[in-house]
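Numbering (the working numbering), first residue to last: -5 to 193.
Next comes the structure, spelled out in structure tokens:
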């Protein structure tokens, strides 16, 4: 009887703890996939890779917590390329973006903003947990990783051990939505090797 109780207890503990330790597999989405909705984007070769420039988002994705990864290449010119997540509509979302022209010079070369009714009020999102300094390479690919958990997010550049920006208060709270890539179509920024994982 005691062995049955121990076995039952172990099975119960396994059912409680093991799923929390299992991570979902990352999903890579090719830019030729019909999962992408192009708002204003172009597919092209850049630095030997298939890439996307402009603004596009995934359809039918419910991303709440997880990881978003993408490679980016930028030029040292005024540009604001970034990643949109938990996008409920084209006017309601969370966004992290880079300012390549300010990288290495100013403490706001990477910034988090939240959009409400199509207004992101970037002027209000400054300081700790909203902006940070970052050094970027130019005209070469670098990796961007965004980890999202509840009302927090961490952004890593080029597989850095520590996040370059830790967001402590996502303004939409705990929400769900799709994922998008957002940048200009002027040759200043490109995206490649996009993937995401929902935890």
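Idealized CB from N, CA, C, for every residue including glycine.
Quantities reported herein were computed from a predicted structural model and do not represent experimental measurements.
Where does residue 81 land, buried or exposed, given buried means 16+ other C-beta within 10 angstroms?
Stepping through the chain shown from its first residue, residue 81 is reached at position 87. By the 10 Å Cβ count, residue 81 comes out buried.
Alpha carbon to alpha carbon, how far is residue 193 from residue 63?
Within the chain shown, residue 193 is the residue found at index 199, counting from 1. Within the chain shown, residue 63 is the residue found at index 69, counting from 1. One C-alpha to the other measures close to 14 angstroms.
Exposed unless 16 or more other CB atoms sit within 10 angstroms - verdict on residue 94:
In the chain shown, counting from the first residue as 1, residue 94 sits at position 100. By the 10 Å Cβ count, residue 94 comes out buried.
Taking buried to mean at least 16 other C-beta atoms within 10 Å of its own C-beta, is residue 111 buried or exposed?
Within the chain shown, residue 111 is the residue found at index 117, counting from 1. Classification of residue 111: exposed, given that the 10 Å Cβ count is below 16.
For residue 23 and residue 190, I'd like the C-alpha separation in whole angstroms.
The residue labelled residue 23 in the question sits at position 29 within the chain shown. The residue labelled residue 190 in the question sits at position 196 within the chain shown. Each residue's alpha carbon lies about 8 angstroms from the other.
Near residue 259, which residues of its chain fall below 6 angstroms by C-beta distance, leaving aside the five closest residues on each side in sequence?
As displayed, the chain neither begins before -5 nor continues past 193, which places residue 259 out of reach and without an answer.
Option in 164, 36 and 123 with minimal Cα separation from residue 51:
Here residue 51 is taken as the residue at index 57 of the chain shown, counted from 1. Comparing Cα positions, the closest option is 36.
What three-state label does DSSP hand residue 116 in the structure shown?
Taking the chain shown and counting its residues from 1, one reaches residue 116 at position 122. The three-state reading of DSSP puts residue 116 in helix, counting H, G and I together.
If you measure between the beta carbons of residue 168 and residue 144, is that distance less than 8 angstroms?
Residue 168 sits at position 174 when you count from the first residue of the chain shown. Residue 144 sits at position 150 when you count from the first residue of the chain shown. One thing to note: residue 168 has its Cβ within 8 angstroms of the Cβ of residue 144.
Coarse secondary structure for residue 96, derived from DSSP in three states:
Start at 1 with the first residue of the chain shown, and residue 96 comes out as number 102. Note: residue 96 maps to helix in three-state DSSP.
CB contact below 8 angstroms: residue 83 versus chain D:
Here there is only one protein chain, and chain D is not present.
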